[in-house]
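Q: Below is the structure I would like to discuss, written out as structure tokens.
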Amino acid sequence: MEELEAVKSKIKTFVEDCNDEKSLELLEKLATGKMLRSKLILKIAGESIESIKLCAVVEMIHAASLLHDDVIDEADTRRGKPSVNALYDNKTSIMFGDILYSKAFTQLTLMDKKIAYTVSNAVTLLSIGEMLDVDLTNSFNTSYEKYNDMIYKKTASLIEAAAKAAAILAGLDEEKYALYGRNLGLAFQMIDDILDITQDSATLGKPAMLDFVEGKVTIPYLLLHERLEDKSKLEKLYKKDLSQEESSWIKEQMSETKALEDSIKMAKDIGNEAIQAVKDEENSQTLIFIMKAMIEREF
Ligand code: FPP
Ligand code: MG
Numbered sequence: 000m001e002e003l004e005a006v007k008s009k010i011k012t013f014v015e016d017c018n019d020e021k022s023l024e025l026l027e028k029l030a031t032g033k034m035l036r037s038k039l040i041l042k043i044a045g046e047s048i049e050s051i052k053l054c055a056v057v058e059m060i061h062a063a064s065l066l067h068d069d070v071i072d073e074a075d076t077r078r079g080k081p082s083v084n085a086l087y088d089n090k091t092s093i094m095f096g097d098i099l100y101s102k103a104f105t106q107l108t109l110m111d112k113k114i115a116y117t118v119s120n121a122v123t124l125l126s127i128g129e130m131l132d133v134d135l136t137n138s139f140n141t142s143y144e145k146y147n148d149m150i151y152k153k154t155a156s157l158i159e160a161a162a163k164a165a166a167i168l169a170g171l172d173e174e175k176y177a178l179y180g181r182n183l184g185l186a187f188q189m190i191d192d193i194l195d196i197t198q199d200s201a202t203l204g205k206p207a208m209l210d211f212v213e214g215k216v217t218i219p220y221l222l223l224h225e226r227l228e229d230k231s232k233l234e235k236l237y238k239k240d241l242s243q244e245e246s247s248w249i250k251e252q253m254s255e256t257k258a259l260e261d262s263i264k265m266a267k268d269i270g271n272e273a274i275q276a277v278k279d280e281e282n283s284q285t286l287i288f289i290m291k292a293m294i295e296r297e298f
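See the structure below:
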């Protein structure tokens, strides 16, 4: 996609504006992701100088949040490549995150006020979401409500804001697109949680079956826990480095109780609700395609 190249080059220009060699060096070290937020903005708002700038701002905020998240999660890989905290150190990852994030905000101040408000407000939610995520790893969470609130804030809020801001830019119905973006984000996180269990580490670009070890009771685990008659075995494996046998037991139970299957169904239902919201829009076919591709993705 040519437009995505334009987004990457805009990010580079924004970082060049900072007049700092080290920042440019660090930017080169970031692995490019799926650029889901940019694809969404470009599909909703079309390609223009303004939409490319909006994409760059959102991608820089997203990249900054991951630079911080990898320190918080002590992750040494990101998108199949060594993370900045692994290549350099935690301090560098945090400081470069701060540079990307504040430069994105500087650019936001030059944009339409409503767009600036929508995106910046989402960053507060994102930060609260990260805190909730960390807090939820303190003990075995069995609340769907807490899980949903956390994934909305941590993941869906910025995708919702991207869709809404793009709709504002294009003069479209903001609320419809916000709902679409919100549900795309919720389903995205649920699929991420499912792939952690179904895929191997080579496909994921990070260790597999790590969520539960890290104390994250994601949607398939919530369903599994609810459905197991004897919950003690699963509870004992919580936050433990899993042996081959233990990983296999979890996977078997996931399939026997249909916890995995039903998690996929839940993500699909959320996706369908989003599709309903935009079905009469001119670009509905592409939005349906984005949702389907996201749900059927393998990493
Ligand atoms: C990845 O989650 C993390 C996020 C989507 C959000 C992180 C947000 C912050 C650190 C708030 C700070 C924000 C800024 C802009 C500086 P994950 O750990 O579940 O996913 P992963 O497996 O990809 O790491
Ligand atoms: Mg992480």
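In case it helps, numbering that gives the first Met the number 0 puts the sequence shown at residues 0 to 298. Think of the CB as a built atom: it goes at the ideal place given N, C-alpha and C, for glycine as much as any other residue.
At which residues does the alpha helix (DSSP H) containing Gly96 begin and terminate?
A: Along the sequence shown, read from residue 1 onward, the residue named residue 96 stands at position 97. Its alpha helix (DSSP H) spans residues 89-108.
Q: For the alpha helix (DSSP H) that contains Asp132, what are its first and last residues?
A: Within the sequence shown, residue 132 is the residue found at index 133, counting from 1. Element bounds for Asp132: 112-135.
Q: In whole angstroms, what separates the C-alpha of Gly204 from that of Gly270?
A: By one-based count along the sequence shown, residue 204 stands at place 205. By one-based count along the sequence shown, residue 270 stands at place 271. One C-alpha to the other measures close to 25 Å.
Q: Check whether the Cβ of Asp134 sits closer than 7 Å to any heavy atom of the ligand MG, and report yes or no.
A: Residue 134 sits at position 135 when you count from the first residue of the sequence shown. Result no, Cβ not under 7 Å from the ligand MG.
Q: Could you tell me the alpha carbon to alpha carbon distance between Ala207 and Arg77, rounded to whole angstroms?
A: As a first step, residue 207 is located in the sequence shown; it is residue number 208 there, counting from the start. As a first step, residue 77 is located in the sequence shown; it is residue number 78 there, counting from the start. For Ala207 and Arg77, the distance between alpha carbons rounds to 13 Å.
Q: Quick check: what's the CA-CA separation for Ser82 versus Asp68?
A: As a working mapping, residue 82 is identified with position 83 in the sequence shown. As a working mapping, residue 68 is identified with position 69 in the sequence shown. The straight-line gap from Cα to Cα measures roughly 11 Å.
Q: Take Thr105 and list the residues in its own chain whose beta-carbon comes closer than 8 Å to its own, dropping the five residues that flank it on each side.
A: In the sequence shown, counting from the first residue as 1, residue 105 sits at position 106. Around Thr105: no qualifying Cβ.
Q: Are the Cβ atoms of Lys238 and Gly214 separated by less than 8 Å?
A: One-based indexing of the sequence shown puts residue 238 at position 239. One-based indexing of the sequence shown puts residue 214 at position 215. Yes.
Q: By the 10 Å Cβ neighbour count, where 16 or more other Cβ atoms means buried, how is Phe187 classified, buried or exposed?
A: Here residue 187 refers to the residue found at position 188 when the sequence shown is read from its first residue. That one is buried.
Q: Here's the rule: buried if 16 or more other CB atoms are within 10 angstroms of the residue's CB, otherwise exposed. What is Thr12?
A: Here residue 12 refers to the residue found at position 13 of the sequence shown. Label assigned to Thr12: exposed.
Q: Quick check: the stretch 143-154 against the stretch 168-175, are at least 3 beta-carbon pairs closer than 8 Å?
A: Flag = no, the stretch 168-175 and the stretch 143-154 do not touch.
Q: Are the Cβ atoms of Leu286 and Tyr179 separated by less than 8 Å?
A: The residue you call residue 286 lines up with position 287 of the sequence shown. The residue you call residue 179 lines up with position 180 of the sequence shown. Contact flag set, yes.
Q: Within this structure, are the beta carbons of Ala162 and Lys80 separated by less than 8 Å?
A: To locate residue 162, count along the sequence shown from 1; it is residue 163. To locate residue 80, count along the sequence shown from 1; it is residue 81. No, Cβ-Cβ distance for Ala162 and Lys80 is not below 8 Å.
Q: Expressed to the nearest angstrom, what Euclidean distance is found between the alpha-carbon atoms of Ile374 and Asn140?
A: There is simply no residue 374 to check, as the chain begins at 0 and stops at 298 in what is shown.
Q: For Ala74, is the beta carbon positioned less than 7 Å from some heavy atom of the ligand FPP?
A: For the purposes of this step, residue 74 is identified with residue 75 of the sequence shown, where counting begins at 1. Because some heavy atom of the ligand FPP lies under 7 Å away, the Cβ of Ala74 counts as near it: yes.
Q: Is there at least one non-hydrogen atom of the ligand FPP closer than 7 Å to the beta-carbon of Lys205?
A: By one-based count along the sequence shown, residue 205 stands at place 206. Correct: Lys205 has its Cβ closer than 7 Å to the ligand FPP.
Q: Helix or strand or just coil, what does DSSP make of Arg78?
A: By one-based count along the sequence shown, residue 78 stands at place 79. If DSSP states are grouped into helix, strand and coil, Arg78 belongs with coil.
Q: Quick one: residues in its chain with C-beta nearer than 6 Å to the C-beta of Ala155, no 5 flanking neighbours on either side, listed in chain order?
A: Residue 155 sits at position 156 when you count from the first residue of the sequence shown. For Ala155, where only same-chain residues beyond five positions count, the Cβ hits under 6 Å are Arg181, Gly184, Leu185.
Q: If you compare alpha carbons, which of Lys102, Met130, Asn282 is closest to Glu15?
A: Taking the first residue of the sequence shown as position 1, residue 15 is located at position 16. Glu15 has its Cα closest to that of Lys102, out of Lys102, Met130, Asn282.
Q: Quick check: is the beta carbon of Ser246 nearer than 8 Å to any beta carbon in chain C?
A: No chain C is present in this structure, which holds just one protein chain.
Q: Grouping DSSP H, G and I as helix and E and B as strand, with all else coil, what is Met265?
A: Position 266 of the sequence shown, counted from the first residue, corresponds to residue 265. Here Met265 sits in helix by DSSP.
Q: Are Leu53 and Ile40 closer than 8 Å when you measure CB to CB?
A: Position 54 of the sequence shown holds residue 53. Position 41 of the sequence shown holds residue 40. Yes. Within cutoff.
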